[in-house]
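Residue numbers (my numbering): 23 to 423.
Cβ coordinates follow ideal geometry from the N, Cα and C atoms, glycine included.
Comments concern the structure below.
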């Protein structure tokens, strides 16, 4: 296996990993950022970035079906051994099936995505597996949502039945708020998830699976809804901190979840679990991401391992790595969203920037500008350093457009 085609929304970290592992790297991407173009042999993207031109709005331009055309375009120019998936297509089962026909997906197949992303069935399976999870009801009308919220008990989380990156997720404390939340969440396909609110730390588990075994790589803190980086969605994804400091007892509970879910759904390769860690140290499973995650570069730095290499070994040879002892450093990735409509200056010389737009492009308010990374010996110091870098980008590297 020599050539890999990366498909999805968040590809720079994955592309860096695949390139470092010695593969020829190709991409079908949404943003078409500068640093991804530099890494890849061929990169085709939905957004065509040009100086002086707007990159547009994600909600207007994103369509899972467009990735089929991008992949077909790449395949006309070269041959591909396998596809690696990132985020963005988890709920687009027909698209995944078409991609798998065009070139084999290395890792979990479309049928696995279908089983995991069917919310009503998924949470029933969690109950059967005796894994802690929020009570969850899928509804199709506001009246049903009111009954569900009453049965569960306020406050509740209201979210679209399909989606990613926390878009459209709201918290409702009463029926008046529930109506507003339902209107926001029902825009996708009319189906809405009403879910018990679990107070705690938003977190994730990065792990790797073979057909009969799974190993945790890291447990991570998620950064959601940070207004200081322009995130307009209250639960919108803003990045992660690796690792999340947890007790050995909590780690064992996380491992039980990984082991049970991996075997039950026959997960393969790189996977992730989103969960909420309650104040009592109990991990409540929220969802499974059966593909590469946004934490990839931070996890690799924390462990000194190459995740693409691990994924290929697990999928093709059934081999899982020895996980090295964690070092004492914390690694942060922070996604910066535009606070106004801005023109971006030249970020290409910033060694700590990722997902770098082409110089001179215009970013609309609320759309992502880039990511920044940092590491330090403590969580607070690492977070301070990454926020300082964010401030530098906002104040010195953008201008009103």
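1. Quick check on this structure: which residue in 177, 210, 234 has the alpha carbon closest to the alpha carbon of residue 196?
2. For the alpha helix (DSSP H) that contains residue 88, what are its first and last residues?
3. Using only CA atoms, which one of 29, 340, 358 lies nearest to residue 289?
4. Under the three-state reduction of DSSP, which class applies to residue 261: helix, strand or coil?
5. I need the straight-line Cα distance from residue 170 to residue 164, nearest angstrom please.
6. Would the beta-carbon of residue 128 be found less than 6 Å away from any heavy atom of the ligand ADP?
7. How would you call residue 190, buried or exposed, if buried means at least 16 neighbouring beta carbons within 10 angstroms?
8. Between which residues of its own chain and residue 138 is the CB-CB distance below 7 Å, once the five residues before and five after are set aside?
9. Please list the terminal residues of the continuous alpha helix (DSSP H) segment that includes residue 305.
10. Relative to the C-alpha of residue 239, which candidate in 199, 259, 211, 345 has its C-alpha closest?
11. According to the neighbour-count rule (16 or more other Cβ atoms, all chains shown, within 10 Å of its Cβ), is residue 209 buried or exposed?
12. Just tell me which of 100, 89, 102, 129 has its CA closest to the CA of residue 114.
13. I'd like the list of long-range same chain contacts for residue 224, defined as Cβ closer than 7 Å, with 5 residues on each side in sequence excluded.
14. Which residues in the same chain have their Cβ closer than 8 Å to the Cβ of residue 379, if we skip the five residues on either side of it in sequence?
15. Could you give the distance in angstroms between the alpha-carbon of residue 110 and the alpha-carbon of residue 188?
16. Check whether the Cβ atoms of residue 184 and residue 261 sit closer than 7 Å, and answer yes or no.
17. What residue range is occupied by the uninterrupted alpha helix (DSSP H) comprising residue 251?
18. Please go through the segment 70-158 and give each complete beta strand (DSSP E) segment of 3 or more residues, from N-terminal end onward.
19. Please report the residue range of the alpha helix (DSSP H) in which residue 234 lies.
20. Quick check: what's the CA-CA separation for residue 330 versus residue 419?
21. Is DSSP giving residue 204 helix, strand or coil here?
22. Are the Cβ atoms of residue 306 and residue 220 separated by less than 7 Å?
23. Compute the Euclidean distance between the alpha carbons of residue 92 and residue 40, then round it to the nearest angstrom.
24. Under 7 Å Cβ to Cβ from residue 203, same chain only, skipping five residues before and after it: list those, please.
25. With respect to the alpha helix (DSSP H) encompassing residue 62, which residues constitute its N-terminal and C-terminal limits?
26. Quick check on this structure: which residue in 253, 241, 232 has the alpha carbon closest to the alpha carbon of residue 268?
27. Per DSSP, residue 230 forms a beta bridge with which residues?
28. Does the beta-carbon of residue 108 have 16 or more other beta-carbons within 10 angstroms, so that it is buried, or is it exposed?
29. Taking the alpha carbon of residue 337 as the reference point, which residue from 231, 285, 410, 58 has its own alpha carbon closest?
30. What residue range does the alpha helix (DSSP H) around residue 367 cover?
31. Helix or strand or just coil, what does DSSP make of residue 383?
32. Taking residue 334 as the reference, give the member of 86, 292, 364 with the closest Cα.
33. Are the CB atoms of residue 36 and residue 318 nearer to each other than 7 Å?
34. Going by C-alpha to C-alpha distance, which of 140, 222, 414 sits closest to residue 213?
35. Using a 10 Å radius around the Cβ and a threshold of 16 neighbouring Cβ atoms, would you call residue 411 buried or exposed?
36. What is the DSSP secondary structure of residue 192, reduced to helix, strand or coil?
Well, looking at it:
1. Taking the first residue of the chain shown as position 1, residue 196 is located at position 174. Ranking the options by Cα distance to residue 196, first place goes to 177.
2. Start at 1 with the first residue of the chain shown, and residue 88 comes out as number 66. Counting along the chain, the alpha helix (DSSP H) containing residue 88 begins and ends at 88-99.
3. The residue labelled residue 289 in the question sits at position 267 within the chain shown. Cα-wise, what sits closest to residue 289 is 340.
4. Residue mapping note: residue 261 aligns to position 239 of the chain shown, counting from 1. Strand at residue 261.
5. For the purposes of this step, residue 170 is taken as residue 148 along the chain shown, with counting starting at 1. For the purposes of this step, residue 164 is taken as residue 142 along the chain shown, with counting starting at 1. Each residue's Cα considered, the two are about 10 Å apart.
6. The ligand ADP is not part of the structure shown, which contains no ligands of any sort.
7. As a first step, residue 190 is located in the chain shown; it is residue number 168 there, counting from the start. Buried.
8. For the purposes of this step, residue 138 is taken as the residue at position 116 of the chain shown. Within the same chain, Cβ atoms closer than 7 Å to the Cβ of residue 138 are found at 144, 287, 310, 312, the five residues on either side in sequence being excluded.
9. The residue you call residue 305 lines up with position 283 of the chain shown. It is not in any alpha helix (DSSP H) - residue 305 instead sits in the beta strand (DSSP E) that spans 305-311.
10. On the chain shown, residue 239 is found 217 positions in, with the first residue counted as 1. Taking only the C-alpha atoms, the option nearest residue 239 is 345.
11. As a position in the chain shown, residue 209 is number 187, starting the count at 1. It is exposed - the Cβ of residue 209 has fewer than 16 other Cβ atoms within 10 Å.
12. Taking the first residue of the chain shown as position 1, residue 114 is located at position 92. Looking at the Cα atoms, 89 is the closest of the given residues.
13. Along the chain shown, one-based indexing puts residue 224 at 202. Correct list, in chain order: 244, 246, 298.
14. Counting from 1 along the chain shown, the entry for residue 379 is found at position 357. The answer, listed in chain order, is 53, 55, 56, 71, 77, 366, 369, 385, 391, 392.
15. One-based indexing of the chain shown puts residue 110 at position 88. One-based indexing of the chain shown puts residue 188 at position 166. One C-alpha to the other measures close to 12 Å.
16. Counted from its first residue, the chain shown places residue 184 at position 162. Counted from its first residue, the chain shown places residue 261 at position 239. Cβ distance not < 7 Å, so residue 184 and residue 261 don't count as in contact.
17. On the chain shown, residue 251 is found 229 positions in, with the first residue counted as 1. It is not in any alpha helix (DSSP H) - residue 251 carries neither H nor E in the DSSP assignment.
18. 104-107
19. Within the chain shown, numbered from 1, the residue matching residue 234 stands at position 212. Element bounds for residue 234: n/a, residue is neither H nor E.
20. Within the chain shown, the letter at position 308 stands for residue 330. Within the chain shown, the letter at position 397 stands for residue 419. If you take the alpha carbons of residue 330 and residue 419, they lie about 32 Å apart.
21. Taking the first residue of the chain shown as position 1, residue 204 is located at position 182. Note: residue 204 maps to helix in three-state DSSP.
22. By one-based count along the chain shown, residue 306 stands at place 284. By one-based count along the chain shown, residue 220 stands at place 198. Cβ distance < 7 Å, so residue 306 and residue 220 count as in contact.
23. Numbered from 1 along the chain shown, position 70 holds the residue referred to as residue 92. Numbered from 1 along the chain shown, position 18 holds the residue referred to as residue 40. Approximately 19 Å, taken between the alpha carbons.
24. Mapped onto the chain shown, residue 203 falls at position 181. Excluding residues within five positions, the ones whose Cβ falls inside 7 Å are 180, 192, 194.
25. Position 40 of the chain shown, counted from the start, is the residue given in the question as residue 62. Neither: residue 62 is in no alpha helix (DSSP H) and is coded neither H nor E.
26. Translated into positions along the chain shown, residue 268 becomes position 246. Ranking 253, 241, 232 by Cα distance to residue 268 puts 241 first.
27. Residue mapping note: residue 230 aligns to position 208 of the chain shown, counting from 1. Its beta-bridge partners are 237, 292.
28. In the chain shown, counting from the first residue as 1, residue 108 sits at position 86. Flag for residue 108 reads buried.
29. On the chain shown, residue 337 is found 315 positions in, with the first residue counted as 1. Nearest C-alpha to residue 337: 231.
30. Here residue 367 refers to the residue found at position 345 when the chain shown is read from its first residue. No alpha helix (DSSP H) contains residue 367, which DSSP labels as neither H nor E.
31. Here residue 383 corresponds to residue number 361 of the chain shown, with the count starting at 1. Correct three-state label for residue 383: coil.
32. Translated into positions along the chain shown, residue 334 becomes position 312. Closest option to residue 334, Cα to Cα, is 292.
33. Looking up residue 36 in the chain shown gives position 14. Looking up residue 318 in the chain shown gives position 296. Contact: yes.
34. For the purposes of this step, residue 213 is identified with residue 191 of the chain shown, where counting begins at 1. That would be 140, whose Cα lies nearest to the Cα of residue 213.
35. The residue you call residue 411 lines up with position 389 of the chain shown. Residue 411 comes out buried.
36. Walking along the chain shown from the start, residue 192 turns up at place 170. Looking at residue 192 - three-state DSSP - the assignment turns out to be strand.
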